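Visitor: So our numbering is basically just the index in the sequence shown, starting at one, shifted up by 39.
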Amino acid sequence: SPLSVPGALGCPTDCVCYPSPMTVSCQAHNFVTIPEGIPEDSERIFLQNNQITLLLRGHFSPSMVTLWIYSNNITFIDPNTFDGFVNLEELDLGDNRYLRALAADTFQGLVKLHALYLYKCGLSSLPSGIFGGLHNLQYLYLQDNHIEFLQDDIFVDLVNLSHLFLHGNKLWSLHQNTFRGLINLDRLLIHQNQLQWIHRRAFHDLRRLTTLFLFNNSLSELQGDCLAHLGALEFLRLNGNPWSCDCKARSLWEWLHRFRGSSSSITCESPEQMHGKDLKVLRAEDFRNCSGSESLHQMKTHTFSTADRGASKSHHPHQSSKEKGKERGAENSLHSNQPAGPPGSRPGYRKPGKNCTSHKSRNRTSKPVSLGPRKNGQEVFGAMPTLSPKRKGKCTRRTVGLAKGKNVVSASEGLSPCPAGLCRAQREQIKRHYHTLSQTA
Numbered sequence: 040s041p042l043s044v045p046g047a048l049g050c051p052t053d054c055v056c057y058p059s060p061m062t063v064s065c066q067a068h069n070f071v072t073i074p075e076g077i078p079e080d081s082e083r084i085f086l087q088n089n090q091i092t093l094l095l096r097g098h099f100s101p102s103m104v105t106l107w108i109y110s111n112n113i114t115f116i117d118p119n120t121f122d123g124f125v126n127l128e129e130l131d132l133g134d135n136r137y138l139r140a141l142a143a144d145t146f147q148g149l150v151k152l153h154a155l156y157l158y159k160c161g162l163s164s165l166p167s168g169i170f171g172g173l174h175n176l177q178y179l180y181l182q183d184n185h186i187e188f189l190q191d192d193i194f195v196d197l198v199n200l201s202h203l204f205l206h207g208n209k210l211w212s213l214h215q216n217t218f219r220g221l222i223n224l225d226r227l228l229i230h231q232n233q234l235q236w237i238h239r240r241a242f243h244d245l246r247r248l249t250t251l252f253l254f255n256n257s258l259s260e261l262q263g264d265c266l267a268h269l270g271a272l273e274f275l276r277l278n279g280n281p282w283s284c285d286c287k288a289r290s291l292w293e294w295l296h297r298f299r300g301s302s303s304s305i306t307c308e309s310p311e312q313m314h315g316k317d318l319k320v321l322r323a324e325d326f327r328n329c330s331g332s333e334s335l336h337q338m339k340t341h342t343f344s345t346a347d348r349g350a351s352k353s354h355h356p357h358q359s360s361k362e363k364g365k366e367r368g369a370e371n372s373l374h375s376n377q378p379a380g381p382p383g384s385r386p387g388y389r390k391p392g393k394n395c396t397s398h399k400s401r402n403r404t405s406k407p408v409s410l411g412p413r414k415n416g417q418e419v420f421g422a423m424p425t426l427s428p429k430r431k432g433k434c435t436r437r438t439v440g441l442a443k444g445k446n447v448v449s450a451s452e453g454l455s456p457c458p459a460g461l462c463r464a465q466r467e468q469i470k471r472h473y474h475t476l477s478q479t480a
């Protein structure tokens, strides 16, 4: 039951307050400023659907854990508004269409923040360092803004981020270091942008990604190398792009034939003889006129050339020699299921448990503290493919290795059950088989 009725002592006028944890609900009352009288020990504050225009230092107390202030008219946030808010876990600033810009230090020091909502805020850019130090952030909602460009290493500190929503922006390219450091990312939604170009190493650190949406962009080409690092990928959507199914598409075609997850159709726009066909169902004969020089540079999906390794050493031009050493260590463990060296060494990183299978999403049962009535949530995930993908990376059956050139006998074959009375004979036969091999090896 409410701690106090609206207007009572200890609760702002037109608000309702609850104890344990101390909660103040002032939603949908046409407030134009933050209401006065919010108790200092308030942990949850709900101010959504008002007409509030400014957020200033002193409006809230550092004891706050959750703040919902979406669907207002916020135009300015003082960079010191959340200074010292070390307990803040969930901050929803979404649907404030006139905000348009944020200072680089707006979220500085929010060490416990795990869900940040900045959707529909009219943002056209993100300043360098705006997400610095947010090592516990797991959910970042940046969809439906006007963002055209993402600076290198903008997400580099978000070592525990699992969900990144960037759909509905105006992005036209993804560079080598755009997503650097996102070693625990599970879902990346970049559909409905204006993407024309993706660097072949743009997804290099996303070894745990299970869902990638790139549909409804302006992509005509995507190298197979670009997807080669995504060993945990289960859902891929590439439809709604003007794909060119000439020789440049060969490496993507080959990658798709190896992919065991669920993928959308990839309708060819050009050349004319391929128009309307699905790239996935093309045959090797359709690429018979492609010379090696046209496609071989795109087909190295399992190993890196010397040039690639050299490029990785200069991955970040401003690294110290110590950091570069860590980077080289990460390259040496390129195909390991364990996180890369440099991100894992940063503060806040939580080392995952060992697993012989491809990594499952760690967040299928983990949600923000209070999700609330989110807009378009079903619209976003309603588009998720329903086909159950084949699992990749399962523990392989152990085998008994013999001398080079000899037959390999499955361990399960040697231990398989046999009818009564035949087991002894079978074991003797296997024993003689090994004895003969050991004599001839």
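Cβ coordinates follow ideal geometry from the N, Cα and C atoms, glycine included. In this text the structure is predicted, and so the values were computed from the model without any measurement.
Buried or exposed for Asn328, going by 16 or more other Cβ atoms inside 10 Å?
Guide: exposed
Visitor: Below 6 Å CB to CB, which residues in the same chain sit around Glu79 once its five sequence neighbours on both sides are set aside?
Guide: Same-chain partners within the cutoff: Ser100.
Visitor: Out of Ile237, Phe204 and Ser330, state which residue places its alpha-carbon closest to the alpha-carbon of Gln26.
Guide: The chain is shown only over 40 to 480; residue 26 falls outside these bounds and no answer can be derived.
Visitor: Comparing C-alpha positions only, which one of Thr52, Asn223 and Ile193 sits nearest to Gln177?
Guide: Asn223
Visitor: Going by C-alpha to C-alpha distance, which of Glu308, Ala271, Glu311 and His206 sits closest to Asn232?
Guide: His206
Visitor: Starting from Ser309, follow the beta strand (DSSP E) in both directions and report where the run begins and ends.
Guide: Cys307 to Ser309
Visitor: Glu482 lies in the alpha helix (DSSP H); which residues open and close that run?
Guide: Within the shown structure, residues of the chain are numbered from 40 to 480, placing residue 482 beyond reach of any answer.
Visitor: Between which two residues does the beta strand (DSSP E) holding Cys56 run?
Guide: Its beta strand (DSSP E) spans residues Val55 to Tyr57.
Visitor: Strictly by DSSP, which residues pair up with Phe252?
Guide: Leu228 and Arg276
Visitor: Where does the unbroken beta strand (DSSP E) through Asp131 begin, and where does it stop?
Guide: Glu129 to Asp131
Visitor: Any idea which residues DSSP pairs Ser302 with across the strands?
Guide: Beta bridge pairing from DSSP links Ser302 with Leu275.
Visitor: Would you tell me roughly how many angstroms separate the C-alpha atoms of Gln190 and Cys265, rounded to the nearest one?
Guide: 19 Å
Visitor: Distance, Cα to Cα, Gly168 vs Leu179?
Guide: Taking the straight line joining both Cα atoms gives about 15 Å.
Visitor: Once you ignore the five residues that flank Ile108 on each side, which residues in its own chain have a CB closer than 7 Å to its CB?
Guide: Leu86, Gln87, Ile91, Asp131 and Leu132
Visitor: Is Leu251 closer than 7 Å to Leu221 when the C-beta atoms are compared?
Guide: no
Visitor: Measure the CB-CB distance between Ile73 and His98 and report whether it falls below 7 Å.
Guide: yes
Visitor: Starting from the C-beta of Cys284, find all residues in its chain whose C-beta is less than 6 Å away, skip the five residues before and the five after it, and write them out in chain order.
Guide: Cys307, Met313 and Leu318
Visitor: Who are the Cβ neighbours of Gln235 in its own chain at under 7 Å, not counting the five residues just before and after it?
Guide: Trp211, Ser212, Ser257 and Leu258
Visitor: Measure the beta-carbon distance from Asn175 to Leu152 and round it to whole angstroms, keeping in mind my assumption that it falls under 8 Å.
Guide: 6 Å
Visitor: Take His230 as the anchor and find which of Phe70, Phe204, Val320 and Leu162 has the nearest alpha-carbon.
Guide: Phe204
Visitor: Apart from the five residues just before and just after His202, which ones in its own chain have a Cβ nearer than 6 Å to its Cβ?
Guide: Tyr178 and Arg226
Visitor: Rounded to whole angstroms, what's the CA-CA distance from Ile84 to Leu248? Just pull it up for me.
Guide: 33 Å
Visitor: Would you mind reading off the limits of the alpha helix (DSSP H) that contains Leu266?
Guide: Gly263 to Leu266
Visitor: Let's see if you can read the secondary structure: which residues bound the beta strand (DSSP E) around Val63?
Guide: Counting along the chain, the unbroken beta strand (DSSP E) around Val63 starts and ends at Thr62 to Ser64.
Visitor: Just to confirm the assignment, what range does the beta strand (DSSP E) spanning Arg83 have?
Guide: Arg83 to Phe85
Visitor: On the criterion of 16 or more Cβ atoms from any shown chain inside 10 Å, does Ser59 qualify as buried, or is it exposed?
Guide: Exposed.
Visitor: Drop a sphere of 10 angstroms on the beta-carbon of Gly540, count the other beta-carbons inside from all chains shown, and report buried for 16 or more, exposed for fewer.
Guide: For the chain, the structure presents residues 40 to 480; residue 540 sits outside this window and is missing.
Visitor: Considering only residues of the same chain and omitting the five flanking positions on each side of Asn208, which have a CB-CB separation below 6 Å?
Guide: Asn184, Ile186 and Asn232
Visitor: Which residues mark the beginning and the end of the beta strand (DSSP E) in which Trp107 is found?
Guide: Per DSSP, the continuous beta strand (DSSP E) segment holding Trp107 begins and ends at Thr105 to Trp107.
Visitor: What residue ranges within the region 114-158 form continuous beta strand (DSSP E) runs of no fewer than 3 residues, ordered along the chain?
Guide: 129-131 and 154-156
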